[in-house]
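The structure appears below as structure tokens.
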Amino acid sequence: MRALVISDIHANLTALDAVLEAAGSFDAVWCLGDLVGYGPDPNECIARVRELPNLLCIIGNHDAAALDQIDADTFNPEARSAIRWTQKSLNQSSRSFLQGLPEKIQLERVTLAHGSPRHPVWEYLLDTRTATLNFEYFETPICIVGHTHLPVIYSLLNSNHLARLSIPEPNQVITLPEHAIVNPGSVGQPRDRDPRAAFALYDTEENLWDYRRVVYDVLSVQERMIQAGLPERHIQRLAAGW
Ligand code: ZN
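Numbering of the sequence shown is given in my numbering, commencing with residue 13 and proceeding in unit increments.
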């Protein structure tokens, strides 16, 4: 089976549509949370995602904050103001969809979590030490996470050692290690100094990870963000990719 793996769309419909077009054919979609927050199209992104075939979707911290399940005061002031805007903009149908999302999904070979398998909604896997500890918190060979907006592969050869970090090259299909935590990067708000939307296609039988980047019309999203009165820093970072 070929799964399209998308994460951290952050209400950026233009980036999401570019990804869906670039992805070609796929049998299922795994969406790793943060559908909303930061961007100007929360309802449109949710509507697009929920009609994708064989969708599995988990909740992210921005989705939980938009539902008031997480106190917006725990976010920095700009993120908080984007959350308040999102709360006002979400329609009832979008809200119900987000309310139904689980924190973690375990499949036969893969576990899906937004931040980490240990603390699915909140924990950032930004270093090998934290990643190493997290290998004890999932039972499948592979765990796929989002949240950091950084495409990365952590692999663990031996539980007595530190996990190894590698940064994949776009458009190079690789066989995933036996035991790995993988991040496809962010669709709607990349933070690795590459403004292109990030996603991956995962071949579950062959264990092949096809990580890709696609250009999208950043300017049109920035214009919608200006019209919505969203924070300047979030508008700028789309063009810079960090
Ligand atoms: Zn995010």
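Here a beta-carbon is modelled for each residue, glycine too, at the ideal position from N, C-alpha and C.
In this text, all values refer to a predicted model and were calculated from it rather than measured experimentally.
Any heavy atom of the ligand ZN within a distance shorter than 7 Å of the CB on residue i?
i	result
glycine 51	no
aspartate 20	yes
glycine 72	yes
histidine 161	yes
Taking the alpha carbon of residue i as the reference point, which residue from the options has its own alpha carbon closest?
i	options	result
glutamate 325	Leu124, Ser232, Pro163, Gln99	Shown here, the chain extends from 13 to 254; a query on residue 325 therefore has no answer.
phenylalanine 147	Tyr136, Tyr166, Val133, Gly158	Tyr166
asparagine 195	Ser93, Ser37, Trp221	Trp221
arginine 62	Thr98, Phe109, Pro129, Phe38	Phe109
arginine 92	Ile154, Tyr50, Thr187, Val122	Tyr50
threonine 140	Leu242, Ala251, His173	His173
aspartate 46	His131, Gly158, Glu90	Gly158
asparagine 66	Gly72, His74, Asp39	Asp39
leucine 213	Leu231, Ala175, Gln248, Glu33	Glu33
Classify residue i as buried or exposed, calling it buried when 16 or more other Cβ atoms lie within 10 Å of its own Cβ.
i	result
aspartate 83	exposed
methionine 13	exposed
aspartate 20	buried
glutamine 201	buried
proline 189	buried
valine 227	exposed
isoleucine 238	exposed
alanine 252	exposed
tryptophan 97	buried
serine 106	buried
Are residue i and residue j closer than 8 Å when you measure CB to CB?
i	j	result
isoleucine 156	leucine 44	yes
serine 101	proline 54	yes
alanine 76	valine 133	yes
histidine 246	glycine 197	no
leucine 16	arginine 60	no
serine 128	leucine 138	no
histidine 126	glycine 72	yes
leucine 79	glutamine 111	yes
According to DSSP, is residue i part of a helix, a strand, or is it coil?
i	result
tryptophan 254	coil
valine 185	strand
tyrosine 265	Missing from the structure shown is residue 265; the chain here goes from 13 to 254 and no further.
tyrosine 136	coil
phenylalanine 211	strand
alanine 40	strand
glutamine 81	coil
serine 128	coil
tryptophan 96	Per the sequence shown, the amino acid found at residue 96 is arginine instead of tryptophan. In this structure, arginine 96 counts as helix in the three-state DSSP scheme.
asparagine 146	helix
leucine 32	helix
glutamine 118	strand
arginine 176	strand
aspartate 204	coil
aspartate 222	strand
Nearer than 7 Å: is that true of the beta carbon of residue i relative to any heavy atom of the ligand SAH?
i	result
aspartate 46	Among the ligands modelled here, namely the ligand ZN, the ligand SAH does not occur.
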